[in-house]
Amino acid sequence: MSVTVSAAPVSHAVRVEQVPDPQVPERASRRSYSAKYKAAILAEYEGLDKEGKGALLRREGLYTSLISEWRKQRDRGALEALSRPRGRPAADPSERENARLRAQVARLEAELDTTRKVIEVQGKLSALLEQLATGGATDEDPAR
């Protein structure tokens, strides 16, 4: 009796779809331009003739639509806004202190409320124990 084992053929070749293209990035990203770069390109572009403008755009890899958009931004004053750091402005120290104190007041008020409830329960318990102690003594006296 012979045992036949069927093994899958071993292939050392790699399919073309599995090899990533080193020239193409995995994820495309947009180019971003600094306000300083935009201002420099606009100044240079506006000083050139038609052939020079085309050469500048080819050299920098830009389109005329970008130039017109940058002009609009410059006219609106957006270039100054773009040069400012991104994100929220720094918090005022007094605002930070006020927020900290508000949180502390809220925490202390909750603690005070809990303390008042505990004192109220202790008072009721004390009254109940006193009533049981005096009531229990009066109940035992008539039985004697």
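Count the sequence shown with the working numbering and you get residues 197 to 340, in order.
Here a beta-carbon is modelled for each residue, glycine too, at the ideal position from N, C-alpha and C.
Reference residue i; option with closest CA among the options
{"i": "GLU240", "options": "SER230, ALA231, GLU247, LEU252", "result": "LEU252"}
{"i": "GLY257", "options": "ALA236, LEU244, ARG227, GLN327", "result": "ARG227"}
{"i": "LYS346", "options": "ARG284, THR260, THR310, ASP288", "result": "No answer is possible for residue 346: the residues shown for the chain start at 197 and end at 340."}
Chain-order list of residues whose beta-carbon lies under 6 Å from that of residue i (same chain, five-residue window excluded)
{"i": "ALA306", "result": "none"}
{"i": "GLY283", "result": "none"}
Cβ separation of residue i and residue j, assumed to be a contact under 8 Å, to the nearest whole Å
{"i": "ARG267", "j": "LEU244", "result": "With a Cβ gap of about 15 Å, ARG267 and LEU244 do not count as contacting."}
Residues near residue i in its chain [Cβ-Cβ closer than 7 Å; skip 5 each side]
{"i": "ARG298", "result": "none"}
Endpoints, the alpha helix (DSSP H) within which residue i is located
{"i": "LEU262", "result": "260–272"}
{"i": "GLY250", "result": "246–256"}
{"i": "ALA236", "result": "231–242"}
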